[in-house]
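K.L.:
Residue numbers (this note's numbering): 32 to 327. Even glycine gets a Cβ: it sits at the ideal position worked out from N, Cα and C. In this text, all values refer to a predicted model and were calculated from it rather than measured experimentally. Sharing a structure here in structure tokens format.
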Amino acid sequence: MKLPPMALTAPSLCPRCDAPAIMTDHCIQCALPLRQCGSCQGIAGPFDRYCGFCGYELVQGARRAPLWRLWLLAALIPLAAGIAFGFSPWARPAAHTVAGIVGNTEPTPNPATSQQLRSDSLAFSYVAPKDWIETDYSRAPDPSRVLPEVVVVHFPPDAVKVSDAKGDLLQVRGQAAILLLGRPAGAPPPAVDPSDPQAVLAAEVTPLIAAPPAGVKFEVVTPVHAVTVNGRPAAAVVLRLTRDSGTYYLERAYIASPTTGRPPLFAFSALVPSNDWDSAGDSQRVDQVLRSVKLS
32 MKLPPMALTA PSLCPRCDAP AIMTDHCIQC ALPLRQCGSC QGIAGPFDRY
82 CGFCGYELVQ GARRAPLWRL WLLAALIPLA AGIAFGFSPW ARPAAHTVAG
132 IVGNTEPTPN PATSQQLRSD SLAFSYVAPK DWIETDYSRA PDPSRVLPEV
182 VVVHFPPDAV KVSDAKGDLL QVRGQAAILL LGRPAGAPPP AVDPSDPQAV
232 LAAEVTPLIA APPAGVKFEV VTPVHAVTVN GRPAAAVVLR LTRDSGTYYL
282 ERAYIASPTT GRPPLFAFSA LVPSNDWDSA GDSQRVDQVL RSVKLS
């Protein structure tokens, strides 16, 4: 058995942390054993670097048991299971369910700043800012102006512009935010499931980006993505529209509406001047209106 030299003492500084270690068997700061091998427990010289019995480097301190590292393997099990589930066919439905519970909760309207509105003829309700004006063109007294849509505007004269354009927001040059909510009666794009909000929206937006109308430029701000509106699957996209009258943000969304006798999708559109969208907070107001839609 190796014994410590009689003429030598422990080092004056710990070789690991440089703490004073005069005449001590363990460092008082980091607990490094200075006279005993942390692996084989043999007696080591105070100035040795390696144990003379097993060759273990003394500065490493006590050797941890192999079982101590099993916690790393245990921690990897749920991580590997999560990755495997993410690539499985069940991942997408589960993600939609979680998003509907956590990230898309129904907004609580503030009576001081919002108003609860409903269109009985189109069978839906929603919440809009209190100072915005609603016009239900599905009940317009003039048959030539009847549209299967409700127009909500921040600047009242803009509602007439939407009616004149037959609900085509690309032709409207509004002064403030314009919202269009309704049930489109037109045919969906060919070779697309008419009840799939994301597929229909992508099929409509792609031609606008690839071949925009003359004098109009589109930029994708938020690509077509799935959302949930009051528990119903939906899809939304945000575009930046530039033309001679200025820059606008155009948001479009479709909400699944499997109601007998009605179109399979509910349409939502918003056209907002860039200044109102960026600085006036209309982007949040538009999103709140969209997420408040309830179909019946």
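Can you confirm whether the stretch 221–233 touches the stretch 195–212 when touching is taken to mean that 3 or more C-beta pairs between the two stretches lie within less than 8 Å?
P.N.:
Not touching, per the Cβ criterion.
K.L.:
Might you give, ordered along the chain, the residues of its own chain that have their beta carbon closer than 6 Å to the beta carbon of W163, omitting 5 neighbours on each side?
P.N.:
Cβ neighbours of W163 beyond the five flanking positions: V183, H185.
K.L.:
Comparing alpha-carbon positions, which option in K161, Y157, S150, S156 lies nearest Y168?
P.N.:
Minimum Cα distance to Y168 is reached at S150.
K.L.:
How should I209 be labelled, buried or exposed, when 16 other C-beta atoms within 10 angstroms of its C-beta is the threshold for buried?
P.N.:
I209 should be labelled buried.
K.L.:
Can you give me the Cβ contacts of T273 inside the same chain, cut-off strictly under 6 Å, excluding the 5 residues immediately before and after it?
P.N.:
Hits under 6 Å: K248.
K.L.:
Look at the alpha carbon of C85 and the alpha carbon of C71, and state the distance between them as a whole number of angstroms.
P.N.:
Looking at the two C-alpha atoms, the distance is approximately 7 Å.
K.L.:
Candidates V203, S300, G312, T259: which alpha carbon is nearest K325's?
P.N.:
Checked all of V203, S300, G312, T259; the closest Cα to K325 is T259.
K.L.:
Expressed to the nearest angstrom, what Euclidean distance is found between the alpha-carbon atoms of A311 and A171?
P.N.:
If you take the alpha carbons of A311 and A171, they lie about 31 Å apart.
K.L.:
For the alpha helix (DSSP H) containing T237, list its first residue and its last residue.
P.N.:
Unbroken alpha helix (DSSP H) run through T237: 228–241.
K.L.:
So, at 6 Å on beta carbons, what are the nonlocal neighbours of W121 in its own chain, with the 5 sequence-adjacent residues on each side left out?
P.N.:
Excluding sequence neighbours, W121 sits near nothing in its chain.
K.L.:
Anyone know if the C-beta pair for Y285 and A301 falls short of 8 Å?
P.N.:
Contact: no.
K.L.:
Please go through the same chain and pick out, in chain order, the residues whose beta-carbon is closer than 6 Å to the beta-carbon of L104, but skip the five residues on each side of it.
P.N.:
Once the five neighbours on either side are set aside, L104 has no close Cβ partner at all.
K.L.:
Could you tell me whether the Cβ atoms of V236 and V268 are closer together than 8 Å?
P.N.:
Yes; because the gap between Cβ atoms is below 8 Å, this pair is in contact.
K.L.:
Relative to the C-alpha of T253, which residue among P243, P228, Y280, A242 is closest?
P.N.:
Comparing Cα positions, the closest option is Y280.
K.L.:
For the alpha helix (DSSP H) containing P109, name the first residue and the last one.
P.N.:
101–117 is the span of the alpha helix (DSSP H), which, as asked, contains P109.
K.L.:
May I ask you to report which of helix, strand or coil DSSP gives S300?
P.N.:
Strand at S300.
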